[in-house]
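Peer 1: All residue numbers for the sequence shown refer to my numbering, where the first residue is 16 and numbers rise by one. All C-beta atoms, glycine included, are put in the ideal place defined by N, C-alpha and C.
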Amino acid sequence: MKALVYLGPAHKALGDRPKPVITAATDAIVRITKTTICGTDLHILKGDVPSCLPGRILGHEGVGIIDEVGAGVTVFKPGDRVLISCISSCSKCVYCRKLMYSHCTSGGWILGNTIDGTQAEFVRIPYADTSLYRIPDGSDEEALVMLSDILPTGFECGVLNGKVQPGSTVAIIGAGPIGLATLLTAQFYSPAQLIMVDLDQNRLEVAKRFGATATVNSADGKAVETIMKMTDARGVDTAIEAVGIPATFELCEKIIAPGGIIANIGVHGTKVDLHLENLWDRNITITTRLVDTVSTPMLLNSLGAARIDPKLLVTHRFKLDQILDAYETFAHAADTKALKVIIEA
Ligand SMILES: NC(=O)c1ccc[n+]([C@@H]2O[C@H](COP(=O)([O-])OP(=O)(O)OC[C@H]3O[C@@H](n4cnc5c(N)ncnc54)[C@H](O)[C@@H]3O)[C@@H](O)[C@H]2O)c1
Ligand SMILES: [Zn+2]
Ligand SMILES: [Zn+2]
16 MKALVYLGPA HKALGDRPKP VITAATDAIV RITKTTICGT DLHILKGDVP
66 SCLPGRILGH EGVGIIDEVG AGVTVFKPGD RVLISCISSC SKCVYCRKLM
116 YSHCTSGGWI LGNTIDGTQA EFVRIPYADT SLYRIPDGSD EEALVMLSDI
166 LPTGFECGVL NGKVQPGSTV AIIGAGPIGL ATLLTAQFYS PAQLIMVDLD
216 QNRLEVAKRF GATATVNSAD GKAVETIMKM TDARGVDTAI EAVGIPATFE
266 LCEKIIAPGG IIANIGVHGT KVDLHLENLW DRNITITTRL VDTVSTPMLL
316 NSLGAARIDP KLLVTHRFKL DQILDAYETF AHAADTKALK VIIEA
């Protein structure tokens, strides 16, 4: 079968690999119909994810059709259409019992990391009963691909952890796919202000179309003053960090209102200064989280009821044969205006 294989930092190829086989009774083999590329795949290609070794098929998002199931799979049968979660959950370990699937002791984020992933014609999914979701009839596969990772990430790490409330003020720093997914799902709660901050004017225009009440281009170095002006000098109740660099986390520290919550989503590779000398008396909370995908059933219901339109995030479409072009397009988002690229297998 065709598959996108990581060959070590800065190297990848569309290769020919054997079709995966069932290795545990709880496995399923899924024939991929649609997948996508995540910013995390680009991090792997930069060599930032040491757990992902050369030879690995990348990808942790997608939808497909069950091809084969192990003897222990009871929920699915061949022919069923399924959504693949980026997080595999055994449902039994101490963390799964706490609904922290991301920390599952034998699962978590393993797809396209420590086991072969979804950018291929077929993928082996461990713990299929609790890591796959049945796709409702008639639902849009492209919209569903957004539910493998980015929507639950924005919703759980940003909106839920940030306790977005009706009438509250929210700033989301970073208008990439994750920041925009956060913007879409924050609107479940009708906050009064949803301020998007980025350096990329195109992404800020997209954010306006997605429901941002205001946008701030922080390239002028005046984001703090601008946001303070927008909030009557109070700052925001929820500041969501969706970039993953010190400057944007420190911006959150400067714009958080007393009693507010800084909800971090970004993956940080370097240390960030925590300014307790300014924050110690401000009653704030800081949260961090790896997406658990516990909200997937709720997001599926919302999508089914047309309460959310994640297909807005899809900007480009490719066939699996053209996946190297898809990577080029996705990696040069400032020029190509790419958000999410759909790859049809
Ligand atoms: N916690 C989790 O479970 C989890 C899951 C998935 C992704 N992530 C992380 O979420 C973050 C966002 O992911 P993404 O795919 O949207 O990334 P992305 O790189 O596509 O988007 C980041 C955005 O931040 C903007 N930006 C960069 N520097 C900025 C600055 N100084 N000020 C304002 N904006 C700036 C960029 O223009 C871009 O639009 C990444 O760090 C990613 O690794 C975390
Ligand atoms: Zn991802
Ligand atoms: Zn577990």
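(1) Going by beta carbon distance, what residues of the same chain come within less than 8 Å of Gln216, once the five residues before and after it are set aside?
(2) Could you give the first and the last residue of the continuous alpha helix (DSSP H) run that contains Asp56?
(3) Using three-state DSSP, classify Asn128 as helix, strand or coil.
(4) Run through DSSP, which three-state label would Asn298 get?
(5) Ala196 and Leu335 - do their beta-carbons sit closer together than 8 Å?
(6) Anything with a beta carbon under 5 Å from a heavy atom of ligand 3 counts; list them all in chain order.
(7) If we call anything under 8 Å between Cβ atoms a contact, is Pro192 one with Thr41?
(8) Do you know how far the Cα of Val306 is from the Cα of Ala278?
(9) Assign Pro206 to one of two classes, buried (16 or more other C-beta atoms within 10 Å of its C-beta) or exposed (fewer than that).
(10) With a threshold of 7 Å, establish whether the CB of His283 neighbours any heavy atom of ligand 2.
(11) Cβ atoms of Cys105 and Thr308: under 8 Å apart, would you say?
(12) Shortest alpha-carbon distance to Gly85 belongs to which of Gly132, Thr55 and Ala43?
(13) Considering only heavy atoms of ligand 1, does any lie closer than 7 Å to the CB of Ile187?
(14) Between Asp155 and Ser146, what straight-line distance do the alpha-carbon atoms span, to the nearest angstrom?
(15) Taking the alpha-carbon positions, what's the Gly226 to Pro35 distance?
(16) Mapping the DSSP letters down to three states, classify Glu83 as helix, strand or coil.
(17) Between Leu22 and Pro69, is the Cβ-Cβ spacing less than 8 Å?
(18) Looking at the unbroken beta strand (DSSP E) that takes in Asn176, where does it start and where does it end?
(19) Can you tell me whether DSSP reads Arg139 as helix, strand or coil?
(20) Whose CA, out of Gly173, Gly259 and Cys267, lies closest to the CA of Ala201?
(21) Looking only at its chain, what residues have a beta carbon closer than 6 Å to the beta carbon of Glu157, apart from the 5 residues adjacent to it on each side?
(22) To the nearest angstrom, report how far apart Arg322 and Gly153 are at their CA atoms.
(23) Quick one: Cα of Leu159 to Cα of Glu292, how far?
(24) For Gln208, name the three-state secondary structure that DSSP assigns.
(25) Are three or more beta carbon pairs between the segment 234-253 and the segment 171-191 nearer than 8 Å?
(26) Enumerate, from N- to C-terminal direction, the unbroken beta strand (DSSP E) stretches of 3 or more residues contained entirely within the segment 316-350.
(27) Is the beta carbon of Ala227 within less than 7 Å of some heavy atom of ligand 1?
(28) Please confirm whether any heavy atom of ligand 1 lies closer than 7 Å to the CB of Pro151.
(29) Are the beta-carbon atoms belonging to Ala18 and Leu60 less than 8 Å from one another?
(30) Express the C-alpha separation of Ile99 and Tyr4 in angstroms, rounding to a whole number.
Peer 2: So, from the listed chains and residues:
(1) Asn232
(2) Gly54 to Leu60
(3) coil
(4) coil
(5) no
(6) Cys105, Cys108, Cys111 and Cys119
(7) no
(8) 12 Å
(9) buried
(10) no
(11) no
(12) Among Gly132, Thr55 and Ala43, the Cα nearest to that of Gly85 belongs to Ala43.
(13) no
(14) 20 Å
(15) 42 Å
(16) Glu83 falls in the strand class under three-state DSSP.
(17) yes
(18) No beta strand (DSSP E) holds Asn176; DSSP gives it neither H nor E.
(19) strand
(20) Gly173
(21) Answer for Glu157: Lys326, Val329 and Ile357, listed in chain order.
(22) 16 Å
(23) 44 Å
(24) strand
(25) The segment 234-253 is in contact with the segment 171-191.
(26) 329-334
(27) no
(28) no
(29) no
(30) This structure does not reach residue 4, given that the chain is present from 16 up to 360, and the question cannot be answered.
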